[in-house]
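Structure, as C-alpha cells:
Protein chains: 2
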Amino acid sequence: MKSFDITTVKFNDQGLVPVISQDAETQEVLMLAWMNAQSLQETLETGRMTFWSRSRQAFWRKGESSGHVQTLVEMRIDCDRDCLLALVEQVGPACHTNRRSCFYTAIRDGQEVELSQPEA
Amino acid sequence: MKSFDITTVKFNDQGLVPVISQDAETQEVLMLAWMNAQSLQETLETGRMTFWSRSRQAFWRKGESSGHVQTLVEMRIDCDRDCLLALVEQVGPACHTNRRSCFYTAIRDGQEVELSQPEA
Numbered sequence: 002m003k004s005f006d007i008t009t010v011k012f013n014d015q016g017l018v019p020v021i022s023q024d025a026e027t028q029e030v031l032m033l034a035w036m037n038a039q040s041l042q043e044t045l046e047t048g049r050m051t052f053w054s055r056s057r058q059a060f061w062r063k064g065e066s067s068g069h070v071q072t073l074v075e076m077r078i079d080c081d082r083d084c085l086l087a088l089v090e091q092v093g094p095a096c097h098t099n100r101r102s103c104f105y106t107a108i109r110d111g112q113e114v115e116l117s118q119p120e121a
Numbered sequence: 002m003k004s005f006d007i008t009t010v011k012f013n014d015q016g017l018v019p020v021i022s023q024d025a026e027t028q029e030v031l032m033l034a035w036m037n038a039q040s041l042q043e044t045l046e047t048g049r050m051t052f053w054s055r056s057r058q059a060f061w062r063k064g065e066s067s068g069h070v071q072t073l074v075e076m077r078i079d080c081d082r083d084c085l086l087a088l089v090e091q092v093g094p095a096c097h098t099n100r101r102s103c104f105y106t107a108i109r110d111g112q113e114v115e116l117s118q119p120e121a
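Protein chains in written order, with our numbering: chain A, 2 to 121; chain B, 2 to 121.
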C-alpha cells in the first residue's frame, strides 16, 4: 500500500479530471463531471461530492441548491491516473432535468429513445 | 422519437467526447476513453467500439491487437450531449494492465488499495 498523493493525478491542461459518478448500490452510472485538485481534495476530506463547474468556473457542491446531495462511498482512480470513478449515494435525481441519471437517452437504430422521465 | 444527428454531440475543442464503457451484464465500469465524430460513426455502424487514441493520434479499434474486443450493446448520451455511456460486451480484460477494469485502485483513508490483479 502507498499513500495517495493528489499531485500524481493527471489533470488536463485546464487542471481538470473527469469523474464518473456511479450509484454504489444499484451500479447505475449517474453522471460525469469534472474536478480540479482543490475540489478533489475537498471531496475526499468531506465525503461530499464537490465538482468544478466549467460553465460557472466555480466550485459545485452537488446538491447545495437542489438538495440532491451526492455522498462519496469510495473513490477509485484508473490505470492512467487521468480519470476517477466515484461510487456514491445519491439523494433524489442526479440530473438537472430531474431524472435519476443524466444518461437517459439511448441511440437505437439511428433513433433517440428516452429511457426515463423526470421525477415528480 | 427523433433521429440521432451526430453533429448535435458536443465534441470538445479537440473534437473529442469522453465515452464511459460499462459492462452491459455486470454493470461494472470498465474504462473511459475518447471518440471523435468519425470513430463514433464507425462504432455505431460496426458495433465494434472504436476510440480515438490521444497518445497515438490514431483510431483505436479496441481489441484489434490484443483480441480483447469490446462490442457495443447500447450507446447512450447525457443531458448535456457532451458525454457518452456505452453498454458493452467485453472479451477478457478491458485494461492494458490485463485487469478487467481500469478502475482497480481505490483510495481508502488516504491509502491506495489495489482491488484486482492482472488476469493470468
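Positions of the beta carbon are idealized from the N, C-alpha and C atoms, including for glycine.
Between which two residues does the alpha helix (DSSP H) harbouring Ser-40 of chain A extend? In the DSSP assignment, Ser-40 of chain A falls within the unbroken alpha helix (DSSP H) covering 38-47.
Practice task
Compute the beta-carbon to beta-carbon distance between Ala-95 of chain A and Arg-101 of chain A, rounded to the nearest angstrom, for a pair I have assumed lies under 8 Å.
Solution key: Sure, about 6 Å apart at Cβ, within 8 Å.
> Going by C-alpha distance, which of A:Ile-7, A:Gln-23, A:Tyr-105 is nearest Glu-120 of chain A?
Replying inline: If we check each option's Cα against that of Glu-120 of chain A, A:Tyr-105 comes out closest.
(message) Short of 7 Å in beta carbon distance, which residues of its chain neighbour Phe-60 of chain B, apart from the five on each side in sequence? Order them along the chain.
(response) So the qualifying residues of the chain are Ser-40, Thr-51, Trp-53.
Can you tell me whether Ile-7 of chain B is buried or exposed? The criterion is at least 16 other CB atoms within 10 Å of its CB, across all chains shown. Under this definition Ile-7 of chain B is an exposed residue.
**Request:** Note down, in chain order, every chain A residue with its Cβ under 7 Å from the Cβ of Gly-111 of chain B.
**Result:** Against chain A, a Cβ distance below 7 Å from Gly-111 of chain B picks out Ser-4, Phe-5.
(message) Lys-3 of chain A and Arg-82 of chain A - do their beta-carbons sit closer together than 7 Å?
(response) Not in contact: Arg-82 of chain A and Lys-3 of chain A (Cβ atoms no closer than 7 Å).
query = In whole angstroms, what is the alpha-carbon distance linking Gln-58 of chain A and Asn-13 of chain A?
reply = Cα to Cα, the separation comes out at about 15 Å.
Any C-beta of chain B under 7 Å from that of Asp-14 of chain A: For Asp-14 of chain A, the answer is no, since every Cβ of chain B falls outside 7 Å of its Cβ.
Task: Inter-residue Cα distance where the pair is Ser-67 of chain B and Glu-46 of chain B - done: Each residue's alpha carbon lies about 22 Å from the other.
Legend entry - Of the residues B:Gln-15, B:Thr-44, B:Val-70, the one placed nearest His-97 of chain B, counting alpha carbons only: With distances taken between Cα atoms, His-97 of chain B lies closest to B:Val-70.
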